[in-house]
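Numbering-wise, the sequence shown is residues 5 to 210 according to this note's numbering.
Read the structure below first, then the notes.
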Amino acid sequence: MTTAIVHHPIYEKHDTGPGHPETAERYRVAIEALRGDKKLWGRLEEITPEKAGKGAIQAVHTKDHFKRVEGAFLNGLDRLDADTTLSMQSFDASLFAAGGAISAVDAVIEGSARNAFVAVRPPGHHATAERAMGFCLFNNVAVAARYAQNKFKEIDQVAVIDWDVHHGNGTQGIFYTDPSVFFFSMHQYPWYPGTGSRGETGHGKG
Numbered sequence: 005m006t007t008a009i010v011h012h013p014i015y016e017k018h019d020t021g022p023g024h025p026e027t028a029e030r031y032r033v034a035i036e037a038l039r040g041d042k043k044l045w046g047r048l049e050e051i052t053p054e055k056a057g058k059g060a061i062q063a064v065h066t067k068d069h070f071k072r073v074e075g076a077f078l079n080g081l082d083r084l085d086a087d088t089t090l091s092m093q094s095f096d097a098s099l100f101a102a103g104g105a106i107s108a109v110d111a112v113i114e115g116s117a118r119n120a121f122v123a124v125r126p127p128g129h130h131a132t133a134e135r136a137m138g139f140c141l142f143n144n145v146a147v148a149a150r151y152a153q154n155k156f157k158e159i160d161q162v163a164v165i166d167w168d169v170h171h172g173n174g175t176q177g178i179f180y181t182d183p184s185v186f187f188f189s190m191h192q193y194p195w196y197p198g199t200g201s202r203g204e205t206g207h208g209k210g
């Protein structure tokens, strides 16, 4: 078994506009750097993902949120909040981003890869069940975690380790009352979005 790398050209089509910190160039540079190391690239298993289905997205997001993202650009919107921008192919890119995380789950659990590097955009960990925020449309890792539990009955518990300067508030919120998903975030507090204090340890059985 080897390491899988999940990537797709659609991720470059999510155009966030001039001056935006989350750009296609970041994705492009990462893939080109990996490809430039021919020895390393030759050891990776390339995976081209498919779109995540509506059911997989709505397993962690509300129907209203899905419809809002789906129809936003067609309805003349170029952003969902102050810093979460949209372009013609953003909705498709977001489905492929969640689908990329799902593809990694399949590869690892079914045994074709030992682990996976999922190079996707738009990112996801700020997206809550009800809304997009912080550059994120759908919560890719939350979609993948729930997909793993729903498809593979031997996966009853999942740990999500989030390592970023910003707290993964969306992922935390989605699973805050869910004892089957453990979420651990390493971040700079109280930077954006201002959540993630040491006292936020779940609610009820979560």
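Every residue, glycine too, gets a C-beta built ideally from N, C-alpha and C.
Suppose the cutoff is 6 Å on Cβ atoms and the five residues either side in sequence are ignored; what does the same chain contact list for residue i look like?
i    : result
K209 : P183
T199 : H171, N173
F188 : I165
G138 : H130
E54  : G103
Residue i: which of the options sits nearest, CA to CA?
i    : options                : result
Y31  : F70, P22, A123         : A123
L99  : P197, E158, A148, M190 : A148
Y196 : H130, L90, H11         : H130
A56  : V185, F142, E49        : F142
G115 : F156, Y193, T20        : F156
Counting C-beta neighbours from all protein chains within 10 Å, is the total for residue i 16 or more, i.e. buried, or is it exposed?
i    : result
H207 : exposed
K67  : exposed
S201 : exposed
M190 : exposed
N154 : exposed
H18  : buried
A86  : exposed
P126 : buried
N79  : exposed
T52  : exposed
V73  : buried
What residues in its chain sit with their C-beta under 8 Å from that of residue i, if we drop five residues either side in the sequence?
i    : result
W45  : L38, R39
A152 : V109, I113, I159, V162
T6   : R47, L48, E49, A117, R118
Which whole-angstrom value is the C-beta distance of residue i and residue j, which I expect to be below 8 Å?
i    : j    : result
E204 : Q176 : 7 Å
Just to confirm my understanding: we take residue i, look at its own chain, exclude 5 residues before and 5 after, and list those with CB closer than 7 Å. What are they?
i    : result
Y180 : G206, H207, G210
R83  : T89, L90
Touch check for the region 57 to 68 and the region 129 to 149: three-plus C-beta pairs under 8 Å? In this structure the region 57 to 68 touches the region 129 to 149; the number of beta carbon pairs closer than 8 Å is three or more.
If we count Cβ pairs, one from each stretch, closer than 8 Å, do we get three or more for the region 33 to 42 versus the region 88 to 102? Taking one beta carbon from each stretch, the region 33 to 42 and the region 88 to 102 have fewer than 3 pairs nearer than 8 Å; the two do not touch.
Do three or more CB pairs link the region 6 to 23 to the region 103 to 114 at distances below 8 Å? In short, these stretches touch, since the Cβ pair count reaches three.
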